[in-house]
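**Q**
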Amino acid sequence: MFKSPKTYLLLVFTLVISLLLAACGQAVEHSTSSVDGTESAASSSNSNDSSSEVDMVTYRASNGDIQIPRHPKRIVDLTSFDTGYFLALGIKPVGVMNGVLNSPYFEGMLEGVQGLGDEPSLEQILELNPDLIVVFSGMEGLDKLAEIAPVVAIQYGAKTIKDQMLDFGTLTGKEDEAKAWVEQWNKKINELKPKVLAAVGDKTVSILNPFSGGLFVFGHSYGRGGEIIYNEFGLKAPPEAQKEAIDSGTGWATISLEKLPQFAGDIVFTCPWTGDTSDPKIVYDNPLWKHLPAVKAGNVFQLDPTADTYSDPVTLEAQLNYITESLLSAK
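Quick note, the sequence shown lines up with residues -22 to -1, 1 to 309 if you use mature numbering (1 follows the signal peptide of the UniProt record, and there is no 0).
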């Protein structure tokens, strides 16, 4: 199957770590407040510094109302797909999943950050002494993680990139920076959208990835530029792709190679698949692919499989340039 946030949802935990957690837990008095500024007193065992007070706020996450530091300093990000939100806000997590370390869009931005592999252990996380852990909804073992630091769960794809950015501003105490990014992003889209719409006209656009079972068809909410192509620029997919991958709300669909002509647009964005060992040439060298109007017209544009699966602000800014240039050059 394709890489999705669920790839990173299972952590390998061991019973012996519970002993370490019990040994390191220190009760400490905190000053806490809700997001509306109401003050209250509380005690917690999640402090990384038992000798000082930590200013805490209540953050409404997918896993409930969570007490978190107002300005977290040591964030462990177990999502991969949201790492760029922190980076865009000028925050460098102390630990991330290995996948993001390979993205060229993050080059030079994650120096000194600990890679945690694909299935990090509690020992690895504990050693980083985090004051906040961020995960996707559905991850198992949140109770064990919560013994180390406050855990905030985020529902993947539930919000637009702009709303998600504002939420990350609230999460990290960087509200002004988040608003500034959204304003700048809107300005860029407003400048580019009329040019793109004029160039593309009535042409349809597809995002297609070969895999061992056929092809993935991506829509508006699963990375690979879909958020820009369909949400920001408002371009249309072929009717079948629109129905299965966008109107359905799933953000993606799978099809057999035989159905390719029905799902391929006048313009196609694609890339080799990294989720299995299949050879993309099975699709790219097939007569069905070679006879697509987009292929014949030279309107096929390659995405980067190590980077374009993400849809965070840093990735989106890089994608915006490439996608815009590609659309403007389409014949």
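Just so it is clear, CB atoms sit at the ideal spot from N, CA and C, and this is done for glycine as well.
Can you list, in chain order, the residues of its chain with a C-beta nearer than 6 Å to that of Ala39? Leave out the 5 residues immediately preceding and following it.
**A** Residue 39 sits at position 61 when you count from the first residue of the sequence shown. Closer than 6 Å at Cβ, skipping near neighbours: Val130, Ala131.
**Q** Please report the residue range of the beta strand (DSSP E) in which residue 336 lies.
**A** As displayed, the chain neither begins before -22 nor continues past 309, which places residue 336 out of reach and without an answer.
**Q** Could you tell me the alpha carbon to alpha carbon distance between Lys165 and Asp33, rounded to whole angstroms?
**A** Mapped onto the sequence shown, residue 165 falls at position 187. Mapped onto the sequence shown, residue 33 falls at position 55. Whole-angstrom Cα-Cα distance: 35 Å.
**Q** Check for me: the alpha helix (DSSP H) holding Ala275 runs from which residue to which?
**A** As a working mapping, residue 275 is identified with position 297 in the sequence shown. Element bounds for Ala275: 271 to 275.
**Q** Among residues of its own chain, excluding the 5 on either side of Thr(-16), which ones have a beta-carbon nearer than 6 Å to its beta-carbon?
**A** Here residue -16 refers to the residue found at position 7 when the sequence shown is read from its first residue. Only weak support exists for where Thr(-16) lies, its pLDDT of 42 falling under 50; the value from the coordinates is given anyway. So the list is empty, once near-sequence residues are dropped.
**Q** Quick one: give me the first and last residue of the beta strand (DSSP E) that Leu88 is part of.
**A** Along the sequence shown, one-based indexing puts residue 88 at 110. No beta strand (DSSP E) holds Leu88; DSSP gives it neither H nor E.
**Q** Tell me the rounded alpha-carbon separation between Glu153 and Phe146.
**A** Reading the sequence shown from its first residue, position 175 is the one you call residue 153. Reading the sequence shown from its first residue, position 168 is the one you call residue 146. Answer to the nearest angstrom: the Cα atoms are 8 Å apart.
**Q** Between which two residues does the alpha helix (DSSP H) containing Val174 stretch?
**A** Taking the sequence shown and counting its residues from 1, the one referred to as residue 174 is at position 196. Unbroken alpha helix (DSSP H) run through Val174: 153 to 178.
**Q** Is it true that the CB of Pro216 sits closer than 8 Å to the CB of Thr248?
**A** Taking the first residue of the sequence shown as 1, we reach residue 248 at position 270. Taking the first residue of the sequence shown as 1, we reach residue 216 at position 238. The answer is no: Cβ separation not under 8 Å.
**Q** Considering only their Cβ atoms, is the gap separating Val72 from Pro108 smaller than 8 Å?
**A** Here residue 108 refers to the residue found at position 130 of the sequence shown. Here residue 72 refers to the residue found at position 94 of the sequence shown. Yes, they are a contact pair.
**Q** Check the DSSP bridge columns for Asn209 and list the partner residues they point to.
**A** Sequence index remark: in the sequence shown, residue 209 carries index 231 (1-based). Asn209 pairs with nothing; no bridge assigned.
**Q** Whether or not the stretch 222 to 240 and the stretch 194 to 213 are in contact is what I'm after, with contact meaning three or more pairs of Cβ atoms, one per stretch, closer than 8 Å; do they touch?
**A** The answer is yes - the stretch 222 to 240 touches the stretch 194 to 213, with three or more Cβ pairs under 8 Å.
**Q** Among all the DSSP beta bridges, which residues are the ones paired with Ile132?
**A** Taking the sequence shown and counting its residues from 1, the one referred to as residue 132 is at position 154. Answer is Phe114.
**Q** Give me, in chain order, the residues of the same chain whose beta-carbon lies closer than 6 Å to that of Gly42; leave out the 5 immediate sequence neighbours on both sides.
**A** The sequence position of residue 42 within the sequence shown is 64, counting from 1. Counting only Cβ-Cβ distances below 6 Å, and skipping sequence neighbours, we find nothing.
**Q** Going by beta-carbon coordinates alone, are Gly151 and Arg48 separated by less than 8 Å?
**A** Within the sequence shown, residue 151 is the residue found at index 173, counting from 1. Within the sequence shown, residue 48 is the residue found at index 70, counting from 1. Taking 8 Å as the Cβ cut-off, Gly151 and Arg48 qualify as a contacting pair.
**Q** In the DSSP output, what is Gly73 paired with across the bridge?
**A** In the sequence shown, the residue the question calls residue 73 occupies position 95. Paired residue(s): Val54, Gln92.
**Q** From Gln297 to Glu210, what distance separates their C-alpha atoms?
**A** Sequence index remark: in the sequence shown, residue 297 carries index 319 (1-based). Sequence index remark: in the sequence shown, residue 210 carries index 232 (1-based). In this structure, the CA atom of Gln297 is about 12 Å from the CA atom of Glu210.
**Q** With Val246 and Ser289 assumed to form a contact (beta carbons below 8 Å), what rounded beta-carbon distance in angstroms separates them?
**A** To locate residue 246, count along the sequence shown from 1; it is residue 268. To locate residue 289, count along the sequence shown from 1; it is residue 311. The pair is not a contact, with the Cβ atoms about 19 Å apart (cut-off 8 Å).
**Q** What residue from Pro50, Leu106, Ile167, Leu94 has the CA that sits closest to Gly68's CA?
**A** The residue labelled residue 68 in the question sits at position 90 within the sequence shown. Nearest of Pro50, Leu106, Ile167, Leu94 to Gly68, Cα basis: Pro50.
**Q** Buried or exposed: Lys309, going by 16 or more other Cβ atoms within 10 Å of its Cβ?
**A** Stepping through the sequence shown from its first residue, residue 309 is reached at position 331. Under this definition Lys309 is an exposed residue.
**Q** Would you kindly check if the distance between the Cβ of Leu144 and the Cβ of Lys157 is under 8 Å?
**A** By 1-based counting over the sequence shown, the position of residue 157 is 179. By 1-based counting over the sequence shown, the position of residue 144 is 166. Taking the C-beta atoms as reference points, Leu144 is found nearer than 8 Å to Lys157.
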